[in-house]
Every structure is written in C-alpha cells, then in structure tokens.
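J.: Questions regarding the structure given below will be posed in turn.
Protein chains: 2
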Amino acid sequence: MKSLSTEPANLAEGQFDLIAKALADPRRMALLESIGEAKECACQKLLRMFPVTKGTVSHHMKELSRAGLIDTEREGQFIKYQVRRKVLKAYTDELMRRVKCDD
Amino acid sequence: MKSLSTEPANLAEGQFDLIAKALADPRRMALLESIGEAKECACQKLLRMFPVTKGTVSHHMKELSRAGLIDTEREGQFIKYQVRRKVLKAYTDELMRRVKCDD
DNA sequence: GATAGAGTTTGATGGTTATCTGACTGTTGC
DNA sequence: GCAACAGTCAGATAACCATCAAACTCTATC
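Protein sequence lines, in the order shown, are assigned to chains A and B.
Each step along the first sequence adds one to the number in numbering that gives the first Met the number 0, with nothing skipped, and position 67 is 66.
Each step along the second sequence adds one to the number in numbering that gives the first Met the number 0, with nothing skipped, and position 45 is 44.
As structure tokens, this is what we get:
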C-alpha cells in the first residue's frame with residue numbers, strides 16, 4: 000500500500016510523469032496560469048492572449064487534460080477549462096515525498 | 000542576505016522553467032530520487048543503478064545542477080551530489096502560487 | 001611521470017514535440 | 001439548409017533532447 004491519512008487525490012499510474020511533462024513547456028504553463036486566473040476560461044480568451052494558432056492551443060489543452068490538470072466542459076459553442084487544483088497539489092506532494100522533503 | 004534559516008530560497012529569473020524542464024524527464028527524476036535517498040551520492044553509485052553510460056549520467060547531473068536542484072562537491076576522485084531541498088520547495092511554492100492554489 | 005579509474009565533453013543519431021496550415025466536426029442563428 | 005464561428009484532427013516541419021561512443025581532463029597511486 001502507498002500512504003495513509005492524506006486527503007488529496009492520489010495520482011494514477013504514470014500520471015506523475017505526464018504532469019511533469021505537461022508543466023515543462025513554458026507556453027503550456029502560461030496557459031495553465033491563465034486558466035487559473037479566472038475561475039473558468041474559454042479557449043477564445045487564451046487565443047487572444049497568446050500568439051499561437053487555435054490548433055496549438057487545442058494541442059496544449061489536450062496535454063493538460065491528459066495529465067489530469069484541467070477539467071473540460073462544453074458550454075454551448077464554447078469550451079470552458081478549470082484547473083484541477085487537487086491534482087496539482089497531489090503532484091507537489093508526491094514530488095516532495097519522492098525527494099524525501101517531508102519524511 | 001539571501002534567506003533566513005527556514006525561508007525557502009527564492010528562485011532566480013528563469014529558474015522556474017529550468018526546474019520544470021529538469022523534472023520532466025523520468026530518468027532524470029529517478030536520478031534525483033536516488034540522490035535524495037542517501038544524504039550524499041556518488042556518480043559511480045548511480046551508474047550501477049541505471050542502465051546508462053557515464054556520459055548520460057554526467058549530462059543529467061549537469062541539467063539538475065543548472066536548475067539549482069543539486070549541489071556538486073568534489074571528494075578526491077569522486078564527486079558527491081546532494082539535493083537542494085530548499086530550491087525544490089521554492090519551486091513547488093511558486094507553482095502553487097502561479098496557479099492560485101494558496102491565495 | 002605512467003597507468004588506471006572517475007567524470008566531462010563532443011559529435012552523431014533517433015525519438016519526441018511545439019507549431020503551423022488546412023481540412024474537418026459541431027453549434028448557433030438566420 | 002446555410003453561413004459563421006468554436007474547437008479538433010491530421011500531416012508536415014523544425015527544433016529540441018536523451019542517449020551512446022569515443023576522445024579528453026583530472027586525480028590518485030605506483
């Protein structure tokens with residue numbers, strides 16, 4: 000068994016690596032920050048903020064989603080994103096645990 | 000002047016991105032974990048634990064060092080590494096701050 | 001100082017990925 | 001249905017990077 004008495008969602012197998020990878024690209028990190036600024040965020044808003052095409056934004060959103068870092072919800076013709084803060088917290092916890100920063 | 004006893008060090012300009020990049024490669028992350036297992040760790044020990052050449056280990060150590068995640072100290076013909084836990088802590092703090100997980 | 005071992009550096013290579021373009025799907029309102 | 005807009009998908013390209021092999025530097029010991 001892994002650990003006891005900790006609340007934040009545990010990461011699935013391989014999710015740690017996916018998250019680390021997702022956070023590694025500065026542009027993607029910036030997008031995540033923008034999503035975190037508002038409670039929810041539409042793709043169009045991101046497009047206006049960054050000099051990239053919508054295809055690129057879509058790609059980054061897919062990666063963030065695959066890592067479990069954001070929630071995606073369709074709202075009519077728009078799509079809204081939200082940061083899954085518990086997952087991010089689980090990542091930093093696991094990171095600290097692996098490098099023996101807390102034991 | 001830099002930090003008080005319990006204060007986590009602040010990250011230098013660009014260091015956040017370097018750390019994120021350094022943590023993104025699974026092998027490099029595994030090396031960092033191994034260094035964290037012991038209080039200090041020699042390169043030869045890492046070579047015995049992972050199926051990579053010394054050139055590759057050296058490369059990863061350089062990246063971890065460039066990110067400020069490890070300290071490197073020459074001990075005779077060996078080199079010993081130590082995790083700079085305060086830097087890692089500063090990284091996770093900054094990460095949480097950027098995604099508004101704590102405000 | 002020669003030999004051996006520890007680590008670095010360099011050049012090459014193969015795999016990964018960020019990005020664009022353009023085609024496609026889906027939704028809204030006429 | 002169709003025109004317009006939001007987002008996805010697929011193919012292409014260029015940059016990046018993990019890895020290896022081999023040459024190199026540094027240190028210790030004989």
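For glycine and all other residues, C-beta sits at the position ideal for the given N, C-alpha and C.
Note that the coordinates shown come from a computational prediction; the quantities given were computed from them, not determined experimentally.
1. Kindly say whether arginine 65 of chain B, judged by its beta-carbon, lies nearer than 9 Å to any beta-carbon of chain A.
2. What is the DSSP secondary structure of histidine 12 of chain A, reduced to helix, strand or coil?
3. For leucine 45 of chain B, collect the residues of the same chain with a Cβ closer than 7 Å to its Cβ; drop the 5 residues on either side in sequence, then sort them by chain order.
4. Which residues in chain B sit within 9 Å of aspartate 70 of chain A, going by Cβ to Cβ distance?
5. How about methionine 28 of chain B and lysine 88 of chain A: do their beta carbons lie closer than 9 Å?
6. Could you say if the segment 72-79 of chain B and the segment 73-84 of chain A meet the contact criterion of at least three C-beta pairs nearer than 8 Å?
7. In the DSSP assignment, find the alpha helix (DSSP H) that holds valine 86 of chain B and state where it starts and stops.
8. For methionine 48 of chain A, which residues of its own chain have a beta-carbon under 8 Å away from its beta-carbon, when the five flanking residues on both sides are left out?
9. Would you give the residue range spanned by the beta strand (DSSP E) that threonine 71 of chain A belongs to?
10. Given that a residue counts as buried once 16 or more other Cβ atoms are within 10 Å of its Cβ, and exposed if not, what is glutamate 93 of chain A?
11. So, is alanine 19 of chain B buried or exposed, given that buried needs 16 or more other C-beta atoms within 10 angstroms?
12. Quick check on DSSP: helix, strand or coil for alanine 41 of chain A?
13. Checking the sheet assignment: what are the DSSP bridge partners for phenylalanine 77 of chain B?
14. Hey, out of B:Ala11, B:Tyr90, B:Glu36 and B:Pro25, whose CA is closest to valine 125 of chain A's CA?
15. Under 8 Å, CB to CB, which of the residues in the segment 29-63 of chain B have a partner in chain A?
16. Could you pull out every residue in the same chain whose Cβ sits closer than 7 Å to the Cβ of leucine 17 of chain B, ignoring the five residues on either side in sequence?
17. Name the chain A residues whose beta carbon is nearer than 9 Å to that of leucine 10 of chain B?
T.: For this structure:
1. Taking the first residue of the second sequence as 1, we reach residue 65 of chain B at position 66. So, not an interface residue.
2. For the purposes of this step, residue 12 of chain A is taken as residue 13 along the first sequence, with counting starting at 1. Strictly speaking, residue 12 of chain A in this sequence is glutamate, with histidine absent from that position. Coil at glutamate 12 of chain A, not helix or strand.
3. Against the second sequence, residue 45 of chain B aligns to sequence position 46. Only Leu30, Ser33 and Val56 meet the Cβ criterion.
4. One-based indexing of the first sequence puts residue 70 of chain A at position 71. Per Cβ cutoff of 9 Å: no residues; aspartate 70 of chain A is ~14 Å from chain B at best.
5. Residue 28 of chain B sits at position 29 when you count from the first residue of the second sequence. Residue 88 of chain A sits at position 89 when you count from the first residue of the first sequence. Cβ distance not < 9 Å, so methionine 28 of chain B and lysine 88 of chain A don't count as in contact.
6. A contact between stretches requires three or more CB pairs, one per stretch, nearer than 8 Å, and the segment 72-79 of chain B fails this requirement with the segment 73-84 of chain A.
7. Reading the second sequence from its first residue, position 87 is the one you call residue 86 of chain B. First-last of the alpha helix (DSSP H) with valine 86 of chain B: 84-97.
8. The residue you call residue 48 of chain A lines up with position 49 of the first sequence. Excluding positions up to five away in sequence, the list reads Ser33.
9. As a working note, residue 71 of chain A is residue 72 in the first sequence. It spans 69-74 - the beta strand (DSSP E) in which threonine 71 of chain A sits, taken as one unbroken run.
10. What you label residue 93 of chain A is simply residue 94 of the first sequence in a count that begins at 1. Buried is the call here.
11. The residue given as residue 19 of chain B occupies position 20 in the second sequence. Its Cβ being crowded by 16 or more others within 10 Å, alanine 19 of chain B is buried.
12. Within the first sequence, the letter at position 42 stands for residue 41 of chain A. Correct three-state label for alanine 41 of chain A: strand.
13. Translated into positions along the second sequence, residue 77 of chain B becomes position 78. In the DSSP output, where bridge partners are listed per residue, phenylalanine 77 of chain B has B:Glu74.
14. Residue numbering for chain A in the displayed model covers 0 to 102; residue 125 of chain A lies beyond these limits and cannot be assessed.
15. Leu31, Glu32, Gly35 and Glu36
16. On the second sequence, position 18 is the one that residue 17 of chain B refers to. Arg65 and Ala66.
17. Indexing the second sequence from 1 puts residue 10 of chain B at position 11. Neighbours of leucine 10 of chain B on chain A: none; closest Cβ ~14 Å, over 9 Å.
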